[in-house]
Amino acid sequence: MTGAAGSGKSALQQTVAERCETSDILAAAYFISSADPTRNTASAIVPTIAYQLGLKHECFRNSVAAAVKHDRHIFSRSLQSQMDVLVIRPFKNLRSSKQLDVATFPYAILIDGLDECTGKPNTSSQLTDFGADERRRAEDRQAELLVAIKHCILDNDLPFRFFIASRPELPIRTALEPGGHLQEVAYHIQLSDKYDASGDMRKYLQRRFEAIGLRIGDSQWFTEGNIETLVRAASGQFIYAAVVYKYISEPRTSPAERLRIILTWAPHEGQMARPFEALDRLYTNILLGAKNAYEAVDTHRGRDFLLLFNALYLTPGRCMLEFIAADILSGLLGIEARGEENLISDLRSLLTLETDSDGDLCLEVYHKSFSDFLEEESRAKDLYVSESRVHTHLAKCFMQTIVELCPLDLDSRA
Numbered sequence: 008m009t010g011a012a013g014s015g016k017s018a019l020q021q022t023v024a025e026r027c028e029t030s031d032i033l034a035a036a037y038f039i040s041s042a043d044p045t046r047n048t049a050s051a052i053v054p055t056i057a058y059q060l061g062l063k064h065e066c067f068r069n070s071v072a073a074a075v076k077h078d079r080h081i082f083s084r085s086l087q088s089q090m091d092v093l094v095i096r097p098f099k100n101l102r103s104s105k106q107l108d109v110a111t112f113p114y115a116i117l118i119d120g121l122d123e124c125t126g127k128p129n130t131s132s133q134l135t136d137f138g139a140d141e142r143r144r145a146e147d148r149q150a151e152l153l154v155a156i157k158h159c160i161l162d163n164d165l166p167f168r169f170f171i172a173s174r175p176e177l178p179i180r181t182a183l184e185p186g187g188h189l190q191e192v193a194y195h196i197q198l199s200d201k202y203d204a205s206g207d208m209r210k211y212l213q214r215r216f217e218a219i220g221l222r223i224g225d226s227q228w229f230t231e232g233n234i235e236t237l238v239r240a241a242s243g244q245f246i247y248a249a250v251v252y253k254y255i256s257e258p259r260t261s262p263a264e265r266l267r268i269i270l271t272w273a274p275h276e277g278q279m280a281r282p283f284e285a286l287d288r289l290y291t292n293i294l295l296g297a298k299n300a301y302e303a304v305d306t307h308r309g310r311d312f313l314l315l316f317n318a319l320y321l322t323p324g325r326c327m328l329e330f331i332a333a334d335i336l337s338g339l340l341g342i343e344a345r346g347e348e349n350l351i352s353d354l355r356s357l358l359t360l361e362t363d364s365d366g367d368l369c370l371e372v373y374h375k376s377f378s379d380f381l382e383e384e385s386r387a388k389d390l391y392v393s394e395s396r397v398h399t400h401l402a403k404c405f406m407q408t409i410v411e412l413c414p415l416d417l418d419s420r421a
């Protein structure tokens, strides 16, 4: 399934996963996210699929464990080798020994966000270059994964069926075009402009708004006309409807007031000259609102909200501080303890602060379209902050910290 950013691919995948789980046919599901270093590399996909298959069948789990014990380096081998050792051989061995009933074994494997899959994990402490070379490495890994999947289900006659969602980037276009290795064996669903998602978005907003009405005790807080305005503004981009709902439903806010504000941001008919016009307006106004609210109450006068926010946003995987936690970085930036939560308190509809397995706070963007907005000056306009400016500010903060920790006595003589 291919479609542009915000077309609803992840929402559909989530629904499919839930229905497959209910029907007891879900074998594994992997949701790739470019914003999450633990879920944006191809190297984790096949092992995760094998792990989830093991949860479905004890004998399969034991077979995978034995394979890993036999080859401790399997996780660093090619994706096809991983597929062979961790999925194909265990399944074939159990099938031939009749320890596994193919007729009842779950067969649906879902992979969402193939286009967000990067190359090999970056463990370097040097500045990361996300230029043409990095894109090529990412595309090579995406293509390698598609070949490994084809090898799994066709060359070895396994019963699994993969459902992959992605933007129509080069690797998947090449695999699906005439002569591509998936062209004759894959059913391609295109979420293009030809498909009218208005009905789906209308139902989504109707149900979500009705749920808000139950929560606040006012079923009349919105009108059908409000929903029609929002659906028209979305222009087929499901992510617009999803962000609108998150923004309106934030705790300690008035849904009716938030809805009124959103409606003033919606472009009128004939105003949208660019594909992301309405979405960019939404992101712009939410970001501006957060900026004004933060700077109005910030006791440290003169602090630049956009610079601080982009320092937190840009750091993971984009500069020398790849693995630093958000709360530690906040201290470096001069933000008070837990101040990063205040910084993003009005951006909860777009991102969240999560605690990782080490107990560190990490910033996670909900949808890649917001990352794209922040990183493209033509879209963010006056809200754009370049990486070079962020890196310069971080360097100054480093130097300031060093000076404070190791003050120089200029009057002393060696």
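If you count by the numbering used here, then the sequence shown holds residues 8 to 421, one letter each, in order.
Virtual Cβ for every residue (Gly too), placed ideally from N, Cα, C.
- Message: Quick check on DSSP: helix, strand or coil for residue 167?
- Response: coil
- Task: Compare the C-alpha of residue 86 against each of 109, 149, 338 and 192 and name the closest.
- Result: 149
- Item | Spatially closest choice to residue 400 from 349, 191, 171 and 314, by CA coordinates | 314
- Task: Report the option in 272, 227, 217 and 244 whose CA atom is closest to the CA atom of residue 256.
- Result: 217
- Query: Would you call residue 410 buried or exposed, if buried means 16 or more other Cβ atoms sit within 10 Å of its Cβ?
  - Reply: exposed
- Query: What is the rounded straight-line gap between the Cα of residue 289 and the Cα of residue 272?
  - Reply: 7 Å
- Message: Check for me: the beta strand (DSSP E) holding residue 361 runs from which residue to which?
- Response: 358-362
- Which of helix, strand or coil DSSP assigns to residue 122: helix
- Where residue 346 sits in the DSSP three-state scheme: helix
- Can you tell me which of the three DSSP states residue 48 falls into? strand
- Task: Can you tell me which of the three DSSP states residue 383 falls into?
- Result: coil
- Task: Check whether the Cβ atoms of residue 350 and residue 372 lie closer than 8 Å to each other.
- Result: no
- List the whole-angstrom C-beta distance separating residue 169 from residue 156, where the pair is believed to meet the contact cut-off of C-beta under 8 Å. 5 Å
- Query: Ordered along the chain, which non-local residues of its own chain (more than five positions away) have a Cβ less than 7 Å from that of residue 84?
  - Reply: none
- Contacting residues, own chain, Cβ-Cβ under 7 Å from residue 159 (five flanking each side not counted): 90, 94, 95, 165 and 167
- Got a sec? Which residues, its chain only, sit under 7 Å from residue 115 by beta carbon, not counting five neighbours each side? 27, 32, 33, 34, 168 and 170
- Message: According to DSSP, simplified to helix, strand and coil, what is residue 114?
- Response: coil
- In the DSSP assignment, find the alpha helix (DSSP H) that holds residue 37 and state where it starts and stops. Segment 33-38 is the beta strand (DSSP E) holding residue 37; no alpha helix (DSSP H) there.
- Query: Are any of the Cβ atoms in chain B nearer than 8 Å to that of residue 83?
  - Reply: In the structure shown, chain B cannot be found, because there is only a single protein chain.
- Query: Pairing CB atoms from the region 107-122 with CB atoms from the region 61-81, are three or more of them under 8 Å?
  - Reply: yes
- Query: So what does DSSP say about residue 70, is it helix, strand or coil?
  - Reply: helix
- Message: Please state the DSSP three-state secondary structure of residue 9.
- Response: strand
- Item | Euclidean distance between Cα positions of residue 190 and residue 118 | 18 Å
- Item | DSSP state of residue 369 mapped onto helix, strand, coil | strand
- Message: By the DSSP assignment, the alpha helix (DSSP H) with residue 28 in it spans what residues?
- Response: 16-29
- Kindly give me the distance between the Cβ atoms of residue 47 and residue 141, rounded to whole angstroms, as I take these residues to be in contact under 8 Å. Rounded, the Cβ-Cβ distance is 12 Å, inconsistent with contact.
- Message: I'd like to know whether the C-beta atoms of residue 14 and residue 244 end up nearer to each other than 8 Å.
- Response: yes
- Task: Give me whichever residues DSSP pairs with residue 161 in a beta bridge.
- Result: Beta-bridge pairing links residue 161 to no other residue.
- Message: With H, G and I counted as helix, E and B as strand and the rest as coil, what does DSSP make of residue 323?
- Response: Because residue 323 carries a pLDDT of 47, less than 50, the predicted location of this residue cannot be relied on, and no value is offered for it.
- Buried versus exposed call for residue 37 [16 or more other C-beta atoms within 10 Å across all chains shown]: buried
- Message: So for residue 85, helix, strand or coil by DSSP?
- Response: coil
- Taking residue 293 as part of the alpha helix (DSSP H), name the residues at either end of that continuous run. 284-304
- Reference residue 404, options 336, 346, 99 and 211, closest by Cα: 336
- Message: Less than 8 Å between the beta carbons of residue 320 and residue 370, yes or no?
- Response: yes
- Item | Residue(s) in a DSSP beta bridge with residue 197 | 9
- DSSP beta-bridge partners for residue 173? 9
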